[in-house]
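Visitor: For the sequence shown, my numbering begins at 6 and goes up steadily by one.
Note that beta-carbon positions come from the ideal geometry of N, C-alpha and C, so glycine has one too.
All figures in this text were calculated on a predicted structure; none of them were measured in a lab.
Quick one: the structure is below, questions incoming.
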Amino acid sequence: MKIGIFDSGLGGLSVLNEALSKLSEHEFLYYADVKNVPYGQKSRDEILKFSFDAVKFLIENGSNAVVVACNTATSVAIKDIRAKLSVPIIGMEPAIKKAHDLSYNDALKTLVIATPVTVNGAKLKELIINLHAKDKTELLALPRLVNFAENGEFDTENVKSYLKEELAKFDLSKFGFLVLGCTHFNYFKDSLREILPSNISIIDGNEGTINRLISELGLKISTLDQAPKVRFFYSGDEVFSKFELDKISRNLTHLKKMRAIC
Ligand code: DGL
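Here you go:
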């Protein structure tokens, strides 16, 4: 099976890592829309068009299913993409339900960090209402993290002081969970862990998304340790440059380390 994975940039590599750990015998096409990243500060019409074009490209290049490894694109475009394209499309939304399911203390709140488009979008509001979680969920947009991630700046003083300043807006002793509502934020799990009090667990949506892909397509989890079969595309052009492939490989290695942090 050929599986397409799409993100505005290199944040979705965290989802690819999760997919490779469970579905190593399949082939993957990874599409990073590097010409248009960041989506989180674009208009809804732009995001709709970019996302549709990316998913269509992945299908035209043989994908039997596509994972939209971007909360922002899912928030704006998933309904439209599903209505117009005919392969299974798996979206991604902030894992607030997982935080809920793990919560042993009803008084503990959840802080969701995401892009401005996701934070202000109707889809996230609906999710929170459906989970009856309005009183215990706070939202925070952290747009600069997307630029830091794209520039390969993961645990610098700049990153840490930005995070400290933004998180200082909340009384963190009241929170039990920090939900990463943007795939780019996986790059900063170590810095977040350093800054957050130990009572707060960090939750991402990667595992849930790949589990959904597995169950929707009826796939089997691979037990064999095979070399990954992935082709990378930057906004429609296949990546062959050693410089870029090295950057992708460094990012995947960094994200593998982040995977264990919770
Ligand atoms: N990685 C994307 C997400 O999960 C968005 C980053 C961006 O392009 O602003 O929301």
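(1) What do you reckon, are the CB atoms on residue 124 and residue 52 nearer than 8 Å?
(2) Could you please give me the residues that DSSP links to residue 208 through a beta bridge?
(3) Note down, in chain order, each residue of its chain lying with its Cβ closer than 6 Å to the Cβ of residue 187, except the 5 sequence neighbours on either side.
(4) Return helix, strand or coil for residue 2, following the three-state DSSP convention.
(5) Applying the criterion that 16 or more other CB atoms from any shown protein chain within 10 Å of the CB defines a buried residue, is residue 204 buried or exposed?
(6) Verify whether the separation of the beta carbon atoms of residue 194 and residue 263 is less than 8 Å.
(7) Could you compute how far the alpha carbon of residue 152 sits from the alpha carbon of residue 163?
(8) On a Cα-Cα basis, can you pick out the residue from 115, 71 and 16 that is closest to residue 6?
(9) Go through the segment 78-119 residue by residue and report every complete run of the alpha helix (DSSP H) that reaches 4 residues or more, in order.
(10) Ligand 1 and residue 76: does the residue's C-beta get closer than 7 Å to at least one heavy atom of that ligand?
(11) To the nearest angstrom, how far is it from the Cα of residue 184 to the Cα of residue 217?
(12) For residue 99, count neighbouring Cβ atoms within 10 angstroms of its own Cβ and tell me buried if that reaches 16, exposed if not.
(13) Taking the alpha-carbon positions, what's the residue 141 to residue 154 distance?
(14) Taking the C-alpha atoms as reference points, what is the distance between residue 287 and residue 88?
(15) Which first and last residues belong to the beta strand (DSSP E) in which residue 167 is found?
Guide: This is what the structure gives:
(1) Taking the first residue of the sequence shown as position 1, residue 124 is located at position 119. Taking the first residue of the sequence shown as position 1, residue 52 is located at position 47. No, the pair does not count as a contact, with Cβ atoms beyond the cut-off.
(2) To locate residue 208, count along the sequence shown from 1; it is residue 203. Paired residues: 184.
(3) Working through the sequence shown from its first residue, we reach residue 187 at position 182. So the list reads 76, 119 and 120, once near-sequence residues are dropped.
(4) With the chain covering only 6 through 267, there is no way to say anything about residue 2.
(5) The residue you call residue 204 lines up with position 199 of the sequence shown. Looking at its Cβ environment, which holds fewer than 16 other Cβ atoms inside 10 Å, residue 204 is exposed.
(6) Working through the sequence shown from its first residue, we reach residue 194 at position 189. Working through the sequence shown from its first residue, we reach residue 263 at position 258. Their beta carbons are under 8 Å apart, which means residue 194 touches residue 263 by this criterion.
(7) Sequence index remark: in the sequence shown, residue 152 carries index 147 (1-based). Sequence index remark: in the sequence shown, residue 163 carries index 158 (1-based). Roughly 12 Å separates the two Cα atoms.
(8) Position 1 of the sequence shown holds residue 6. Of 115, 71 and 16, the residue nearest in Cα terms is 71.
(9) When DSSP assignments are scanned along the segment 78-119, the uninterrupted stretches of alpha helix (DSSP H) that are 4 or more residues long and fall wholly within it turn out to be 101-107.
(10) For this step, residue 76 is matched to residue 71 along the sequence shown. At least one heavy atom of ligand 1 sits closer than 7 Å to the Cβ of residue 76.
(11) The residue you call residue 184 lines up with position 179 of the sequence shown. The residue you call residue 217 lines up with position 212 of the sequence shown. Whole-angstrom Cα-Cα distance: 18 Å.
(12) Numbered from 1 along the sequence shown, position 94 holds the residue referred to as residue 99. Buried, by the Cβ-count rule.
(13) Translated into the one-based positions of the sequence shown, residue 141 becomes position 136. Translated into the one-based positions of the sequence shown, residue 154 becomes position 149. Cα to Cα, residue 141 sits roughly 29 Å from residue 154.
(14) Only positions 6 to 267 of the chain appear in this structure, which leaves residue 287 out of reach.
(15) The residue labelled residue 167 in the question sits at position 162 within the sequence shown. Careful: residue 167 lies outside any beta strand (DSSP E), inside the alpha helix (DSSP H) at 162-172.
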